[in-house]
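Peer 1: In the working numbering, the protein residues as written are 190 to 669. Cβ coordinates follow ideal geometry from the N, Cα and C atoms, glycine included.
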Ligand code: NAD
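1) Between the C-alpha atoms of residue 378 and residue 483, what's the straight-line distance to the nearest angstrom?
2) Taking 8 Å as the cut-off, is the beta-carbon of residue 639 closer than that to any non-hydrogen atom of the ligand NAD?
3) Quick one, are the C-beta atoms of residue 228 and residue 372 less than 9 Å apart?
4) Could you check whether residue 655 and residue 323 sit closer than 9 Å to each other, using their CB atoms as the reference points?
5) Alpha carbon to alpha carbon, what distance is there between residue 583 and residue 284?
6) How is residue 314 classed by DSSP in three states: helix, strand or coil?
7) So if DSSP puts residue 518 in a beta bridge, which residue, or which two residues, is it bridged to?
8) Let me confirm a value: residue 660 is counted as buried when at least 16 other C-beta atoms fall within 10 Å, else exposed. Which label applies?
9) Which one or two residues does DSSP pair with residue 477 in a beta bridge?
10) When DSSP labels each residue in this structure, what does residue 589 get in the three-state scheme?
11) Output needed for residue 619: all residues of its chain with C-beta closer than 6 Å, excluding positions within five of it in sequence on either side, in chain order.
12) Which of helix, strand or coil does DSSP assign to residue 506?
13) Identify, in the order they occur along the chain, each residue of the same chain with its Cβ nearer than 7 Å to the Cβ of residue 222, setting aside the five sequence neighbours on each side.
14) Is it the case that the CB of residue 397 approaches a heavy atom of the ligand NAD more closely than 8 Å?
15) Hey, residue 300 and residue 594 are a contact pair by Cβ (cut 8 Å); roughly how many whole angstroms apart?
16) If I'm right that residue 473 touches residue 573 with Cβ under 8 Å, what's the distance once you round it to whole angstroms?
17) For residue 443, name the three-state secondary structure that DSSP assigns.
18) Please work out which residues of its chain come closer than 8 Å, Cβ to Cβ, to residue 486, disregarding the five sequence neighbours upstream and downstream, and give them in chain order.
19) Based on DSSP bridge pairs, tell me the residues matched to residue 251.
20) Please report how far the alpha carbon of residue 382 lies from the alpha carbon of residue 306, in whole angstroms.
21) Would you say residue 281 and residue 366 are within 9 Å of each other, going by their C-beta atoms?
22) Could you give the distance in angstroms between the alpha-carbon of residue 339 and the alpha-carbon of residue 267?
23) Which residue marks the beginning of the alpha helix (DSSP H) containing residue 377, and which one marks its end?
24) Consult DSSP for residue 605 and reduce its assignment to one of helix, strand or coil.
25) If residue 355 and residue 330 are in contact, beta carbons under 8 Å, what's the gap, nearest whole angstrom?
26) Is any non-hydrogen atom of the ligand NAD found closer than 8 Å to the C-beta of residue 404, if you look at the structure I gave you?
27) Looking at residue 335 and the ligand NAD, is the gap between the Cβ and the nearest heavy atom below 8 Å?
28) Helix, strand or coil for residue 397, going by three-state DSSP, please let me know.
29) Kindly indicate which three-state DSSP category residue 195 falls into: helix, strand or coil?
30) Can you have a look at residue 662 and say buried or exposed, based on whether 16 or more other CB atoms are within 10 angstroms of its CB?
31) When the Cα atoms are used, what is the spatial distance from residue 147 to residue 288?
32) For the alpha helix (DSSP H) that contains residue 562, what are its first and last residues?
33) With a CB to CB cut of under 6 Å and the five nearest residues on each side skipped, what residues in its chain are close to residue 369?
34) Tell me residue 494's beta-bridge partners as DSSP assigns them.
35) Rounded to whole angstroms, how far is the Cβ of residue 492 from the Cβ of residue 547, which I believe are closer than 8 Å?
36) Residue 457 and residue 507: beta carbons closer than 9 Å?
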């Protein structure tokens with residue numbers, strides 16, 4: 190399949206955004222695909238849910254083999270169209286990097302578990318046979334972020350369909366075109382593999398109001414929310430079963446037993462992946478004082494640009510802005526225009542011009558610096574010098590803010606590694622590797638873009654979107 194040109198990508202985004210204003214479903218008219226509509230996109234959340242219910246009934250009627258055939262086709266289309274979605278995502282959101290977004294889509298295609306993740310259990314004994322099966326919930330309402338928009342739609346679709354559910358999405362308002370492109374991709378895969386034309390659904394113009402309709406609609410049996418603390422709080426107070434995949438602020442500890450050259454490279458590779466958008470990406474470093482200079486040099490050899498404290502203060506005024514809430518209380522929030530931007534773009538804002546080889550901004554700060562405390566989601570990495578492992582762990586645990594999301598460590602001291610892992614209690618703990626090893630990219634294990642720390646499902650997969658059902662046959666059906 191031919192990739193879209195820059196001009197065609199721009200045309201799709203502007204067409205989708207234009208259609209949003211008129212309220213009509215986004216038409217697609219490209220020379221590469223022929224004129225067609227995105228399938229499964231509705232102007233009203235109630236209509237989207239009704240269509241998702243029909244999709245659910247169709248999935249329920251399918252054999253596992255049929256579901257798997259649709260998933261195989263989703264994987265194939267995702268690989269084929271990964272560069273399109275990557276370009277569309279960067280064009281629409283202004284965030285991230287095309288090469289890394291392409292890699293993220295390929296990761297989803299390759300390492301998201303399908304129906305093999307659903308396993309039944311049987312218990313036999315003097316009283317007969319009990320069968321425990323993992324059943325679908327029904328229609329799942331999924332709220333998705335702007336940071337990994339189409340990746341999350343496709344990853345969640347694979348898992349939710351594998352589990353036998355219908356799905357309705359309320360994507361992030363800043364990433365509608367690319368999210369709905371992914372919804373359409375899933376529906377095209379369904380049709381091509383003999384499933385219904387519309388299997389998963391979404392909104393022409395998702396809003397907080399449409400999310401509220403989703404949360405209270407009786408047909409939606411499970412809410413899966415991938416985003417910041419606000420939205421996780423909202424779904425957890427909905428009164429429905431909810432899976433919350435919330436914010437992180439992953440700390441990294443580097444002690445003096447680590448391979449410092451490798452640690453410097455790994456940290457910069459992880460921190461700059463998709464310009465720091467993944468919630469698992471390295472956000473602040475606690476480095477032993479006696480290796481900090483060596484670590485900073487290793488980072489500089491790998492595309493990091495060191496700024497001084499005055500420049501860091503200047504940059505902080507740009508990337509964090511004051512916001513007054515409805516109670517008149519003022520607090521600092523991240524400047525959305527800086528999230529996921531290239532390091533060179535951020536440096537230019539403080540008058541520093543660098544080549545495109547520079548992919549990360551590093552600076553030495555103290556523990557209380559905003560760069561340490563705030564989840565910036567930008568390729569800006571503060572480094573705090575620490576005296577020993579006790580201080581490193583104490584600070585890193587505080588900087589993680591109890592999110593229980595992700596933490597990293599570079600060390601060969603198994604006591605240090607074990608102590609930090611125990612103390613920080615995160616869902617993901619990566620040792621001696623870039624952060625993305627924690628989601629199966631260069632590390633063992635399946636992938637997900639919905640990491641559910643707050644509600645405990647962890648690295649979600651098809652089985653996370655199921656409910657247990659038990660069937661008991663008393664006194665019979667044993668074969669021994
Ligand atoms: P965001 O919180 O701005 O938005 C996430 C989604 O929630 C969007 O669809 C948004 O429209 C919706 N939303 C926001 N407030 C809502 C409310 N009160 N009710 C209903 N819907 C609401 O997130 P973002 O900026 O797109 O993503 C970044 C954040 O998400 C970061 O904090 C990041 O760590 C987190 N994140 C977590 C995971 C994970 O797997 N744990 C994955 C990706 C992103």
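Peer 2: The structure says:
1) The residue you call residue 378 lines up with position 189 of the chain shown. The residue you call residue 483 lines up with position 294 of the chain shown. If you take the alpha carbons of residue 378 and residue 483, they lie about 50 Å apart.
2) On the chain shown, position 450 is the one that residue 639 refers to. Within the cutoff, so yes.
3) In the chain shown, the residue the question calls residue 228 occupies position 39. In the chain shown, the residue the question calls residue 372 occupies position 183. Yes. Within cutoff.
4) Numbered from its first residue, the chain shown carries residue 323 at position 134. Numbered from its first residue, the chain shown carries residue 655 at position 466. Yes, these two residues count as a Cβ contact at 9 Å.
5) Here residue 284 corresponds to residue number 95 of the chain shown, with the count starting at 1. Here residue 583 corresponds to residue number 394 of the chain shown, with the count starting at 1. Using only the alpha carbons, I get a separation of about 33 Å.
6) In the chain shown, residue 314 corresponds to position 125, counting from 1. If DSSP states are grouped into helix, strand and coil, residue 314 belongs with the strands.
7) The count along the chain shown starts at 1 and reaches residue 518 at position 329. Its beta-bridge partners do not exist; DSSP assigns none.
8) In the chain shown, counting from the first residue as 1, residue 660 sits at position 471. Answer is exposed; the Cβ neighbour count stays below 16.
9) What you label residue 477 is simply residue 288 of the chain shown in a count that begins at 1. Partner(s): 575.
10) Locating residue 589 in the chain shown gives position 400, where the first residue counts as 1. DSSP, read as helix, strand or coil, puts residue 589 in coil.
11) As a first step, residue 619 is located in the chain shown; it is residue number 430 there, counting from the start. So the qualifying residues of the chain are 597, 626, 627.
12) Position 317 of the chain shown, counted from the first residue, corresponds to residue 506. Three-state DSSP puts residue 506 in a helix.
13) As a first step, residue 222 is located in the chain shown; it is residue number 33 there, counting from the start. Its pLDDT being 40, under 50, residue 222 is placed unreliably in this model, and the value from its coordinates should be taken loosely. Cβ neighbours of residue 222 beyond the five flanking positions: none.
14) As a position in the chain shown, residue 397 is number 208, starting the count at 1. Checking every heavy atom of the ligand NAD against the Cβ of residue 397, one is found closer than 8 Å.
15) For the purposes of this step, residue 300 is taken as the residue at position 111 of the chain shown. For the purposes of this step, residue 594 is taken as the residue at position 405 of the chain shown. Contact flag wrong, Cβ pair sits at about 20 Å.
16) Numbered from its first residue, the chain shown carries residue 473 at position 284. Numbered from its first residue, the chain shown carries residue 573 at position 384. Taking the Cβ atoms as the reference, residue 473 lies roughly 7 Å from residue 573, within the contact range of under 8 Å.
17) Along the chain shown, one-based indexing puts residue 443 at 254. If DSSP states are grouped into helix, strand and coil, residue 443 belongs with the strands.
18) Locating residue 486 in the chain shown gives position 297, where the first residue counts as 1. Closer than 8 Å at the Cβ level, and outside the excluded window around residue 486, lie 453.
19) As a first step, residue 251 must be located in the chain shown, where it is residue number 62. Answer is none; residue 251 lacks a bridge partner.
20) Within the chain shown, the letter at position 193 stands for residue 382. Within the chain shown, the letter at position 117 stands for residue 306. Computed Cα separation, rounded: 20 Å.
21) As a working note, residue 281 is residue 92 in the chain shown. As a working note, residue 366 is residue 177 in the chain shown. Yes, the pair counts as a contact, with Cβ atoms nearer than the cut-off.
22) The sequence position of residue 339 within the chain shown is 150, counting from 1. The sequence position of residue 267 within the chain shown is 78, counting from 1. When rounded, the distance between both Cα atoms is 10 Å.
23) Numbered from 1 along the chain shown, position 188 holds the residue referred to as residue 377. It spans 365-381 - the alpha helix (DSSP H) in which residue 377 sits, taken as one unbroken run.
24) Locating residue 605 in the chain shown gives position 416, where the first residue counts as 1. Three-state DSSP puts residue 605 in a helix.
25) Working through the chain shown from its first residue, we reach residue 355 at position 166. Working through the chain shown from its first residue, we reach residue 330 at position 141. Residue 355 to residue 330, Cβ: 10 Å. No contact.
26) Stepping through the chain shown from its first residue, residue 404 is reached at position 215. Residue 404: yes, Cβ under 8 Å from the ligand NAD.
27) Locating residue 335 in the chain shown gives position 146, counting from the first residue. True, at least one ligand heavy atom lies under 8 Å from that Cβ.
28) Here residue 397 refers to the residue found at position 208 when the chain shown is read from its first residue. Three-state result, residue 397: helix.
29) Against the chain shown, residue 195 aligns to sequence position 6. When DSSP states are grouped into helix, strand and coil, residue 195 belongs to the helix group.
30) What you label residue 662 is simply residue 473 of the chain shown in a count that begins at 1. Counting C-beta atoms within 10 angstroms of its own C-beta, residue 662 has fewer than 16 neighbours from the protein chains shown and is therefore classed as exposed.
31) Coverage of the chain is limited to positions 190 through 669, which leaves residue 147 absent and any answer about it impossible.
32) Residue numbering aside, residue 562 sits at position 373 when the chain shown is read from its first letter. Element bounds for residue 562: 559-562.
33) In the chain shown, the residue the question calls residue 369 occupies position 180. The answer, listed in chain order, is 227, 230, 391.
34) Taking the chain shown and counting its residues from 1, the one referred to as residue 494 is at position 305. Residue 494 pairs with 550.
35) One-based indexing of the chain shown puts residue 492 at position 303. One-based indexing of the chain shown puts residue 547 at position 358. Correct: roughly 6 Å between the Cβ atoms.
36) Numbered from 1 along the chain shown, position 268 holds the residue referred to as residue 457. Numbered from 1 along the chain shown, position 318 holds the residue referred to as residue 507. Cβ atoms of residue 457 and residue 507: not closer than 9 Å.
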